[in-house]
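A.B. asks: Positions 1 to 422 (full-length UniProt numbering) are the ones given, in order, by the sequence shown.
Just so it is clear, CB atoms sit at the ideal spot from N, CA and C, and this is done for glycine as well.
Questions regarding the structure given below will be posed in turn.
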Amino acid sequence: MEEPNWERLVEERRQKLTDLAKNLIRFNTMAPPARNTANAQQFIADYLQQRQWDVDKWEVFSGDPNVVGTKTGKEGNRYNSLILNGHIDVAEVSHKEWSFDPFDPAVKNGWLYGRGAADMKGGLAGILLAVDILHELKIDLPGDVIVQSVVGEEVGEAGTLQCCRRGYTADYALVGDTSNLNIQGQGGVITGWVTVKSQQIHHDAMRRNLIHAGGGKFGASAIEKMMILIEGLQSLERDWAVRKTYPGFQPGTNTINPAVIEGGRNAAFIADECSLWITVHFYPDETHETAAEEVENHLRKVAEADPWLRENPPTFIWGGESMIEDRGEIFPSLEVQSNHPGSLQLLESFKEITHEAGEINTSPTVTDGGWLADAGIPSAIFGPGTLEEAHAVDEKVEVEQLVTFTKIVLSFVYKWSHTLKE
Ligand SMILES: [Zn+2]
Numbered sequence: 001m002e003e004p005n006w007e008r009l010v011e012e013r014r015q016k017l018t019d020l021a022k023n024l025i026r027f028n029t030m031a032p033p034a035r036n037t038a039n040a041q042q043f044i045a046d047y048l049q050q051r052q053w054d055v056d057k058w059e060v061f062s063g064d065p066n067v068v069g070t071k072t073g074k075e076g077n078r079y080n081s082l083i084l085n086g087h088i089d090v091a092e093v094s095h096k097e098w099s100f101d102p103f104d105p106a107v108k109n110g111w112l113y114g115r116g117a118a119d120m121k122g123g124l125a126g127i128l129l130a131v132d133i134l135h136e137l138k139i140d141l142p143g144d145v146i147v148q149s150v151v152g153e154e155v156g157e158a159g160t161l162q163c164c165r166r167g168y169t170a171d172y173a174l175v176g177d178t179s180n181l182n183i184q185g186q187g188g189v190i191t192g193w194v195t196v197k198s199q200q201i202h203h204d205a206m207r208r209n210l211i212h213a214g215g216g217k218f219g220a221s222a223i224e225k226m227m228i229l230i231e232g233l234q235s236l237e238r239d240w241a242v243r244k245t246y247p248g249f250q251p252g253t254n255t256i257n258p259a260v261i262e263g264g265r266n267a268a269f270i271a272d273e274c275s276l277w278i279t280v281h282f283y284p285d286e287t288h289e290t291a292a293e294e295v296e297n298h299l300r301k302v303a304e305a306d307p308w309l310r311e312n313p314p315t316f317i318w319g320g321e322s323m324i325e326d327r328g329e330i331f332p333s334l335e336v337q338s339n340h341p342g343s344l345q346l347l348e349s350f351k352e353i354t355h356e357a358g359e360i361n362t363s364p365t366v367t368d369g370g371w372l373a374d375a376g377i378p379s380a381i382f383g384p385g386t387l388e389e390a391h392a393v394d395e396k397v398e399v400e401q402l403v404t405f406t407k408i409v410l411s412f413v414y415k416w417s418h419t420l421k422e
């Protein structure tokens with residue numbers, strides 16, 4: 001069959017598209033607190049099922065299920081498969097600052113307003129409308145298409161990682177997260193806890209003996225020793241800023257943030273334990289493993305140079321699966337393979353719809369795309385909305401961009417699915 005006219009098909013369904021996005025926004029899926037996506041995910045599961053997609057739904061956390069819909073291609077073993085990924089959770093809201101109810105969406109002057117409009121219920125709505133149009137036109141694609149509606153993106157819980165672990169893979173993946181219709185890769189993030197711990201516990205009155213000439217006692221305040229490690233982090237951060245670069249990133253974007261510090265018992269004690277929670281940003285050509293290793297090696301050397309830390313070296317806990325549950329997260333980096341047939345096809349579909357050249361660059365933030373890349377799937381972030389609008393008070397997305405996004409997705413899905421595997 002001849003390729004349908006996606007332009008016209010989507011134009012005729014503008015209302016349907018914004019209604020769909022509004023429906024998704026009405027579900028309050030704020031994270032934190034999280035554990036509140038069950039109804040929204042059931043809506044998506046039903047939506048896919050009603051259009052004859054196979055639906056897999058499972059709890060990632062109680063009250064936060066993932067939904068994966070699969071449309072098996074009629075020649076799936078020969079033709080390219082595709083993952084379309086989006087997260088259903090949205091960033092936290094302080095209602096007081098909004099000029100309207102963040103979960104009561106509205107369209108005004110060509111903009112759709114509501115929490116998640118840009119990040120990324122608008123993108124999800126575009127993907128779902130594409131599913132609907134394919135179903136309505138009774139199009140049986142040759143390749144497999146997988147739609148993932150995941151939880152936990154906003155709090156490092158990586159529902160996408162759980163999809164990868166469950167075995168979902170494809171020849172290409174598109175993450176419909178906020179990119180202003182740029183085709184984007186990303187740097188990565190890993191958090192870690194650095195802990196300094198003394199074997200002995202000393203009374204506050206012992207301080208003179210620990211720190212002054214003639215005190216005669218080998219001991220230390222864990223808080224003061226952590227200061228040495230923090231200075232060590234600063235010199236490593238400066239070295240990274242000077243020596244590492246990546247196209248599209250301002251030099252020094254690879255920061256090491258001492259985000260949270262905890263330590264000491266009370267004022268009657270010398271602090272015998274101190275922990276520092278750090279956020280490490282790295283470039284798309286680095287991995288979270290190597291970034292963590294560099295920090296750890298550096299701090300071990302810093303510790304070697306201090307008499308007390310040499311005997312009481314710091315310990316490290318890297319990453320985590322939730323900022324809420326185990327206070328840690330990882331977002332792997334993602335490099336768009338610009339010569340990959342999937343990326344080239346996406347560029348072509350972009351041009352066909354917009355009559356402009358698409359742009360491949362890097363996102364200054366992180367998305368679940370890193371997990372798909374980490375699983376070996378060539379991936380790109382490509383979605384409507386800008387980062388200024390995402391997470392913002394009175395969040396909004398331009399309806400025109402939602403429409404354009406949906407057209408490009410349809411063109412891309414259709415052509416990619418009709419392309420033989422390499
Ligand atoms: Zn997002």
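Is DSSP giving Lys74 helix, strand or coil here?
C.D. replies: coil
A.B. asks: Can you tell me whether Lys421 is buried or exposed, with buried defined as 16 or more other CB within 10 angstroms of its CB?
C.D. replies: exposed
A.B. asks: Whole angstroms are fine: how far does the CA of Ala34 sit from the CA of Ile223?
C.D. replies: 33 Å
A.B. asks: In whole angstroms, what is the alpha-carbon distance linking Gly114 and Val145?
C.D. replies: 29 Å
A.B. asks: Excluding the five sequence neighbours on either side, which residues of its own chain have a C-beta within less than 7 Å of the C-beta of Val93, listed in chain order?
C.D. replies: Cβ neighbours of Val93 beyond the five flanking positions: Met30, Pro102 and Arg115.
A.B. asks: Beta carbon of Asp177: closer than 6 Å to some heavy atom of ligand 1?
C.D. replies: Within 6 Å of the C-beta of Asp177 there is at least one heavy atom belonging to ligand 1.
A.B. asks: Please confirm whether any heavy atom of ligand 1 lies closer than 6 Å to the CB of Met120.
C.D. replies: yes
A.B. asks: Which one or two residues does DSSP pair with Val155 in a beta bridge?
C.D. replies: Partner(s): none; Val155 has no beta bridge.
A.B. asks: From Leu129, Asn28 and Ile330, pick the residue whose C-alpha is nearest to that of Thr406; which is it?
C.D. replies: Leu129
A.B. asks: Have a look at the DSSP bridge pairing and note the partners of Trp58.
C.D. replies: Answer is Asn66, bridged to Trp58.
A.B. asks: Tell me whether Ile201 is buried or exposed, calling it buried when 16 or more other Cβ atoms sit within 10 Å of its Cβ.
C.D. replies: exposed
A.B. asks: Identify whether Met120 lies in helix, strand or coil by the three-state DSSP scheme.
C.D. replies: Met120 carries a helical assignment under DSSP once its states are collapsed to helix, strand and coil.
A.B. asks: Are any of the Cβ atoms in chain B nearer than 7 Å to that of Lys16?
C.D. replies: Although the question refers to chain B, the structure presented lacks it and comprises just one protein chain.
A.B. asks: Report yes if the C-beta distance between Ile353 and Ile183 is below 7 Å; otherwise report no.
C.D. replies: No, these two residues do not count as a Cβ contact at 7 Å.
A.B. asks: For Gly219, collect the residues of the same chain with a Cβ closer than 8 Å to its Cβ; drop the 5 residues on either side in sequence, then sort them by chain order.
C.D. replies: Ser198, Gln200, His202, Met206, Asn209, Leu210, Ile270 and Trp308
A.B. asks: Does DSSP put Gln50 in a helix, in a strand, or in coil?
C.D. replies: Helix.
A.B. asks: Distance, Cα to Cα, Ser379 vs Leu124?
C.D. replies: 17 Å
A.B. asks: Out of curiosity, what's the CA-to-CA distance linking Arg243 and Lys16?
C.D. replies: 50 Å
A.B. asks: What span of residues does the alpha helix (DSSP H) with Met395 cover, start to end?
C.D. replies: Per the sequence presented here, residue 395 reads as Glu, with Met not at that position. Going by DSSP, Glu395 is part of no alpha helix (DSSP H) at all; its letter is neither H nor E.
A.B. asks: Any chance the segment 368-375 sits against the segment 320-336, with 3 or more Cβ pairs inside 8 Å?
C.D. replies: yes
A.B. asks: In chain order, which beta strand (DSSP E) runs of at least 3 residues are fully inside the segment 142-225?
C.D. replies: 145-150, 172-175, 183-186 and 188-197
A.B. asks: Assuming contact is defined by CB atoms lying nearer than 7 Å, are Leu83 and Ala173 in contact in what I supplied?
C.D. replies: The sequence given here places Ile at residue 83; Leu does not occur at that position. Yes, these two residues count as a Cβ contact at 7 Å.
A.B. asks: Excluding five sequence neighbours on each side, which residues of the same chain lie with their C-beta closer than 7 Å to the C-beta of Glu3?
C.D. replies: Tyr414
A.B. asks: Excluding the five sequence neighbours on either side, which residues of its own chain have a C-beta within less than 6 Å of the C-beta of Val67, listed in chain order?
C.D. replies: Closer than 6 Å at Cβ, skipping near neighbours: Gln41, Ile44, Ala45, Lys57 and Ser149.
A.B. asks: Leaving aside the five residues before and after His288 along the sequence, list all residues of the same chain whose C-beta is less than 6 Å from its C-beta, in chain order.
C.D. replies: The residues are Gly188, Ile190, Ile330 and Pro332.
A.B. asks: Keeping to the same chain, check which residues put their C-beta closer than 6 Å to that of Thr70; ignore five residues upstream and five downstream.
C.D. replies: Asp54 and Ile146
A.B. asks: Exposed or buried, which one is Gly214 when buried takes at least 16 other CB atoms within 10 Å?
C.D. replies: exposed
A.B. asks: For Ala380, which residues does DSSP report across the bridge?
C.D. replies: Leu174
A.B. asks: Quick one: using the 10 Å Cβ neighbour count with 16 as the cut-off for buried, is Gly385 buried or exposed?
C.D. replies: Flag for Gly385 reads buried.
A.B. asks: If you run the structure through DSSP and keep just helix, strand and coil, what is Met323?
C.D. replies: Met323 falls in the coil class under three-state DSSP.
A.B. asks: Is the beta carbon of Met120 sitting closer than 7 Å to the one on Thr178?
C.D. replies: Taking 7 Å as the Cβ cut-off, Met120 and Thr178 qualify as a contacting pair.
A.B. asks: For the beta strand (DSSP E) containing Lys108, name the first residue and the last one.
C.D. replies: Where Lys108 is concerned, the enclosing beta strand (DSSP E) stretches over Ala106 to Lys108.
A.B. asks: From which residue to which residue does the beta strand (DSSP E) around His281 run?
C.D. replies: Glu273 to Phe282
A.B. asks: Check whether the Cβ atoms of Ala291 and Val302 sit closer than 7 Å, and answer yes or no.
C.D. replies: no
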